[in-house]
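Undergrad:
There are 2 protein chains.
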Amino acid sequence: MSIDQAAGGTAPPTSSTVVALSGGVGGAKLVLGLAGVVDPSTLTVIANTGDDFDHLGLRVCPDIDTLVYTLSGLSNPDQGWGRAGETDHVMEVARTLGEETWFFLGDKDLAMHITRSRRLAVGESLTSITLDICERLGVDSRILPMSNDFVSTLVETADGVLPFQHYFVRDRCEPLVKGFRFDGAETAIANPQVLNALSDNRLRAVVVAPSNPFISIDPILAVSEIRSTLDGTPAPVVAVSPIVGGDSIKGPTAKMMRELKIDVSPVEVARRYADFLDGFVLDVVDAQLAPQIEAFGIPVQTANTVMDSLEDRVMLARVVLEFSDALSRRAGDNSVTE
Amino acid sequence: MSIDQAAGGTAPPTSSTVVALSGGVGGAKLVLGLAGVVDPSTLTVIANTGDDFDHLGLRVCPDIDTLVYTLSGLSNPDQGWGRAGETDHVMEVARTLGEETWFFLGDKDLAMHITRSRRLAVGESLTSITLDICERLGVDSRILPMSNDFVSTLVETADGVLPFQHYFVRDRCEPLVKGFRFDGAETAIANPQVLNALSDNRLRAVVVAPSNPFISIDPILAVSEIRSTLDGTPAPVVAVSPIVGGDSIKGPTAKMMRELKIDVSPVEVARRYADFLDGFVLDVVDAQLAPQIEAFGIPVQTANTVMDSLEDRVMLARVVLEFSDALSRRAGDNSVTE
Numbered sequence: 001m002s003i004d005q006a007a008g009g010t011a012p013p014t015s016s017t018v019v020a021l022s023g024g025v026g027g028a029k030l031v032l033g034l035a036g037v038v039d040p041s042t043l044t045v046i047a048n049t050g051d052d053f054d055h056l057g058l059r060v061c062p063d064i065d066t067l068v069y070t071l072s073g074l075s076n077p078d079q080g081w082g083r084a085g086e087t088d089h090v091m092e093v094a095r096t097l098g099e100e101t102w103f104f105l106g107d108k109d110l111a112m113h114i115t116r117s118r119r120l121a122v123g124e125s126l127t128s129i130t131l132d133i134c135e136r137l138g139v140d141s142r143i144l145p146m147s148n149d150f151v152s153t154l155v156e157t158a159d160g161v162l163p164f165q166h167y168f169v170r171d172r173c174e175p176l177v178k179g180f181r182f183d184g185a186e187t188a189i190a191n192p193q194v195l196n197a198l199s200d201n202r203l204r205a206v207v208v209a210p211s212n213p214f215i216s217i218d219p220i221l222a223v224s225e226i227r228s229t230l231d232g233t234p235a236p237v238v239a240v241s242p243i244v245g246g247d248s249i250k251g252p253t254a255k256m257m258r259e260l261k262i263d264v265s266p267v268e269v270a271r272r273y274a275d276f277l278d279g280f281v282l283d284v285v286d287a288q289l290a291p292q293i294e295a296f297g298i299p300v301q302t303a304n305t306v307m308d309s310l311e312d313r314v315m316l317a318r319v320v321l322e323f324s325d326a327l328s329r330r331a332g333d334n335s336v337t338e
Numbered sequence: 339m340s341i342d343q344a345a346g347g348t349a350p351p352t353s354s355t356v357v358a359l360s361g362g363v364g365g366a367k368l369v370l371g372l373a374g375v376v377d378p379s380t381l382t383v384i385a386n387t388g389d390d391f392d393h394l395g396l397r398v399c400p401d402i403d404t405l406v407y408t409l410s411g412l413s414n415p416d417q418g419w420g421r422a423g424e425t426d427h428v429m430e431v432a433r434t435l436g437e438e439t440w441f442f443l444g445d446k447d448l449a450m451h452i453t454r455s456r457r458l459a460v461g462e463s464l465t466s467i468t469l470d471i472c473e474r475l476g477v478d479s480r481i482l483p484m485s486n487d488f489v490s491t492l493v494e495t496a497d498g499v500l501p502f503q504h505y506f507v508r509d510r511c512e513p514l515v516k517g518f519r520f521d522g523a524e525t526a527i528a529n530p531q532v533l534n535a536l537s538d539n540r541l542r543a544v545v546v547a548p549s550n551p552f553i554s555i556d557p558i559l560a561v562s563e564i565r566s567t568l569d570g571t572p573a574p575v576v577a578v579s580p581i582v583g584g585d586s587i588k589g590p591t592a593k594m595m596r597e598l599k600i601d602v603s604p605v606e607v608a609r610r611y612a613d614f615l616d617g618f619v620l621d622v623v624d625a626q627l628a629p630q631i632e633a634f635g636i637p638v639q640t641a642n643t644v645m646d647s648l649e650d651r652v653m654l655a656r657v658v659l660e661f662s663d664a665l666s667r668r669a670g671d672n673s674v675t676e
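Quick mapping for you: the protein sequence lines, in order, are chains P and L. Heads up: the first sequence at position 193 corresponds to 193 in this note's numbering, and the numbers run straight through without jumps. The number in this note's numbering is simply the position in the second sequence, starting from 1, with 338 added.
#1: Run the CB neighbour count on D585 (chain L), radius 10 Å, all protein chains shown included, and call it buried at 16 or more, exposed below.
#2: Does E676 (chain L) have its Cβ less than 8 Å from a Cβ in chain P?
#3: Kindly indicate if chain P contains any beta-carbon less than 8 Å away from that of H427 (chain L).
#4: I'd like to know whether the C-beta atoms of F391 (chain L) and P501 (chain L) end up nearer to each other than 8 Å.
#5: With distance defined between alpha-carbon atoms, name the residue in L:C472, L:T491, L:V532 nearest to S485 (chain L).
#6: Here's a check: name, in chain order, each residue in its chain whose Cβ is nearer than 8 Å to the Cβ of T675 (chain L), leaving out the five neighbours to either side.
#7: Rounded to the nearest angstrom, how far is the Cβ of L154 (chain P) from that of F180 (chain P), given a contact under 8 Å?
#8: As a quick exercise: from P:D286, P:V93, P:I189, pick the residue whose alpha carbon is nearest that of A227 (chain P).
#9: What residues from chain L crowd round L96 (chain P), counting only those whose CB sits closer than 8 Å?
#10: Spell out the partners DSSP gives F618 (chain L) in its beta bridges.
#11: Of all the options L:K367, L:P415, L:Y505, L:G436, which has the alpha carbon lying nearest to the alpha carbon of L305 (chain L)?
#12: In its own chain, which residues sit with a C-beta less than 8 Å from the C-beta of L230 (chain P), not counting the 5 before and 5 after it?
#13: Let me know the secondary structure DSSP gives T17 (chain P) once reduced to three states.
#14: So what's I481 (chain L) in DSSP terms, helix, strand or just coil?
#15: In whole angstroms, what separates the C-alpha of K287 (chain L) from that of I553 (chain L)?
#16: Buried or exposed: which applies to L321 (chain P), given that a residue is buried once 16 or more other Cβ atoms fall within 10 Å of its Cβ?
#17: I'd like to know if the stretch 406–422 of chain L and the stretch 353–370 of chain L are in contact, where contact means that at least 3 CB-CB pairs between them fall below 8 Å.
#18: Beta carbons nearer than 7 Å to chain L: which residues of the stretch 117–129 of chain P have them?
#19: What's the C-alpha gap between V60 (chain P) and S241 (chain P)?
#20: Inspect the beta-carbon positions of L120 (chain P) and I129 (chain P) and report whether they are closer than 8 Å.
#21: Give, in chain order, every residue of the stretch 261–282 of chain P whose Cβ lies closer than 9 Å to some Cβ of chain L.
#22: What is the residue span of the beta strand (DSSP E) that A701 (chain L) lies within?
#23: Grab me the residues of V208 (chain P)'s own chain with a C-beta within less than 8 Å of its C-beta, minus the 5 sequence neighbours each way, in chain order.
#24: Which complete beta strand (DSSP E) runs does the stretch 510–578 of chain L hold, if anything under 3 residues is left out?
#25: If you reduce the DSSP assignment to three classes, tell me which class P163 (chain P) lands in.
#26: Could you list which residues in chain P have their beta carbon closer than 7 Å to that of T439 (chain L), in chain order?
#27: Taking 8 Å as the CB-CB limit, is I64 (chain P) close to chain L?
#28: Using DSSP with H/G/I as helix, E/B as strand and the rest coil, what is D339 (chain P)?
#29: If you reduce the DSSP assignment to three classes, tell me which class L665 (chain L) lands in.
#30: Under 7 Å between beta-carbons, which chain L residues line up against S57 (chain P)? List them in chain order, please.
#31: Candidates L:V431, L:G583, L:D447: which alpha carbon is nearest T92 (chain P)'s?
#32: Identify every residue that forms a DSSP beta bridge with S586 (chain L).
#33: Which residues mark the beginning and the end of the beta strand (DSSP E) in which T491 (chain L) is found?
#34: Expressed to the nearest angstrom, what Euclidean distance is found between the alpha-carbon atoms of E124 (chain P) and T115 (chain P)?
#35: Starting from V68 (chain P), find everything on chain L with Cβ-Cβ shorter than 7 Å and list it in chain order.
#36: Report the three-state DSSP secondary structure of E322 (chain P) (helix, strand or coil).
Laid out in structure tokens, this is it:
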């Protein structure tokens with residue numbers, strides 16, 4: 001958000017919207033909280049699709065699906081990804097037939113990949129397919145792939161360059177990380193609905209979920225039009241730290257930071273996002289780090305960011321939105337006093 | 339078989355082979371019987387692929403799969419097609435996601451279509467895929483698609499031209515049949531392994547299974563090189579009647595004959611095959627029709643052709659092969675006395 005925009009002087013929008021940038025499991029928790037705080041139909045989620053890959057010849061979009069299952073209430077609460085009550089009949093036979101089965105796909109989940117692959121093959125866009133699936137599964141929020149073009153996260157490791165899911169699932173994040181590439185991101189056309197959502201005058205907040213900065217948020221930002229539109233978005237951009245107490249709540253963020261010789265600290269996350277960030281939400285256990293982040297010119301809010309229960313998710317979402325609202329007012333005040 | 343070939347004068351082959359032409363359920367019964375009578379590794383089955391179609395975006399080959407499941411012992415004995423102990427988890431979700439579900443695919447069966455579709459998409463031939471699947475599922479016989487090219491049976495009906503599975507499964511064979519077309523058959527390249535099998539000097543018999551002449555055997559014959567190779571095959575070609583007592587044992591053969599104004603009689607089946615047939619196996623209940631078939635110059639053998647039990651299948655297979663052997667000897671004798 002720029003000061004100019006915040007001080008735009010137009011009447012306050014009658015119904016506000018919220019946009020979240022999210023990867024999979026960790027991000028989906030906060031997204032579910034947001035959907036519990038605002039009218040879910042006013043919430044748009046920009047999903048990372050850099051993790052997408054073809055498995056058993058089917059297009060799998062892990063982050064989209066985690067968001068869909070989480071928001072539809074179909075998710076497996078124990079693992080955070082996949083569906084509850086899954087069976088493995090297809091996968092068991094696929095193994096017998098010589099298919100690679102290191103990436104598990106449950107029977108119900110497979111129907112998603114089958115229908116998506118069929119529709120992609122006949123030329124329908126990933127956005128159109130995803131929105132239709134959301135509607136059919138009762139998800140009132142919009143889950144939007146960052147692009148309809150295929151972008152593929154590659155992990156540069158000590159063992160060579162690995163496609164993301166090979167690194168993440170097959171090799172269990174064991175290879176030492178040296179860097180990341182987002183194949184196709186440079187030429188990928190940003191999802192027009194994403195750009196519209198980020199430019200919407202009714203926008204109340206853009207929330208960067210506590211997802212992995214390297215493999216969940218960076219691929220979204222690597223689509224250049226999304227990054228530039230984020231700069232001009234009319235609402236505050238607020239990120240929630242994925243690092244709490246010197247470790248990542250979920251997934252390999254901390255391990256990656258160590259291997260990349262980056263301090264495992266929310267400060268470093270805030271530093272990465274500093275160019276476009278209007279506010280940063282820090283866990284209460286890291287409150288002492290606030291001054292270091294504020295030194296970047298980024299206001300800080302502390303909160304309990306560890307989301308164990310649904311109440312935790314809703315509570316954090318409320319704090320994030322109220323913090324964003326405060327940033328809006330402050331920006332407005334600043335412009336008035338300037 | 340031509341007389342010349344039968345009298346070829348070369349030493350009898352040390353190990354003989356058998357070829358069967360087959361559609362799905364009905365044909366697979368006799369094929370299973372043949373695999374119980376001869377060394378299964380010497381049996382080659384030429385499968386109709388005119389029924390193949392894409393469902394849920396996956397390539398489904400019903401006749402190949404029925405043969406694979408029957409010979410591997412995985413088939414559902416009650417319905418004759420599909421696998422035993424199936425579940426419907428994928429299909430149930432696919433319905434929720436708006437997919438067409440009038441053609442049921444069980445979860446285990448789906449793994450077959452998924453792996454086949456994946457491998458076809460990367461350029462592997464249907465033959466190579468099918469043979470690999472046979473090996474993995476413990477099928478010792480060779481199941482060969484008639485062609486690696488896509489051939490599509492179309493049913494000309496009073497309601498218009500229908501893709502075969504729409505006619506057969508979706509519309510339950512209700513539309514009045516006027517004729518058939520085999521799209522792609524004219525340009526389809528015959529499977530080279532099929533031509534080799536039909537030309538093999540060790541060949542003992544070519545068995546036309548009691549499959550539907552119009553939609554299971556005719557598509558195979560519509561591949562012109564298969565038809566011409568059948569003319570020159572070194573072994574007797576023996577067909578088993580799919581019509582018993584004025585009706586078809588299985589499927590819509592009799593209904594189609596009525597609608598095409600053809601007598602529902604084994605005589606009419608023999609007439610269709612007359613050009614390439616060396617012998618015809620008639621059910622005992624139709625023994626009185628033998629003279630009409632013999633009038634075409636086709637020797638007739640009667641047998642119990644209704645295969646309820648595995649013993650029935652093996653018994654019929656034995657009769658068919660012994661009949662074929664007798665035709666071989668007779669052809670040899672004829673040439674000697676000429």
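Glycine is no exception: its CB is placed at the ideal position from the N, C-alpha and C atoms. Note that the coordinates shown come from a computational prediction; the quantities given were computed from them, not determined experimentally.
TA: Based on what the coordinates show:
#1: exposed
#2: Below a pLDDT of 50, predicted positions are generally treated as unreliable, and E676 (chain L), at 36, falls in that range; no measurement from the model is reported.
#3: yes
#4: yes
#5: L:V532
#6: Legend: pLDDT at T675 (chain L) = 40, less than 50; position of this residue unreliable, no value from coordinates given.
#7: 7 Å
#8: The displayed chain sequence assigns Arg, not Ala, to residue 227 (chain P). Selected option, being the one with the closest Cα: P:I189.
#9: Checking the displayed sequence, the identity of residue 96 (chain P) turns out to be Thr instead of Leu. Those are A449, R474, L475, listed as they occur along chain L.
#10: L:A577, L:V638
#11: Any answer about residue 305 (chain L) is impossible in this case: the structure gives chain L only from 339 up to 676.
#12: L198, V206, L221, V237, F276
#13: strand
#14: strand
#15: Past the boundaries of the shown model lies residue 287 (chain L); chain L is included only from 339 to 676, so the question cannot be answered.
#16: buried
#17: yes
#18: S117, R118, A121
#19: 27 Å
#20: yes
#21: none
#22: With chain L covering only 339 through 676, there is no way to say anything about residue 701 (chain L).
#23: A20, L21, I217, V237, V238, A239, V240, Y273, L277
#24: 515–521, 541–546, 575–578
#25: strand
#26: The premise fails here: T439 (chain L) is roughly 10 Å from chain P at the closest Cβ pair, so nothing lies under 7 Å.
#27: no
#28: What the structure shows of chain P is the stretch from 1 to 338, and residue 339 (chain P) is not part of that stretch, so it cannot be assessed.
#29: helix
#30: Before going further, note that residue 57 (chain P) is Gly rather than Ser in the sequence given. Ordered by position in chain L, the residues that pass the 7 Å Cβ test against G57 (chain P) are I452, S455, R456, A459.
#31: Correcting the residue type first, residue 92 (chain P) is Glu in the shown sequence and not Thr. Of the candidates L:V431, L:G583, L:D447, the one whose C-alpha sits nearest the C-alpha of E92 (chain P) is L:D447.
#32: L:I581
#33: 490–495
#34: 11 Å
#35: Within 7 Å Cβ-Cβ: nothing; V68 (chain P) doesn't reach chain L, min ~11 Å.
#36: helix
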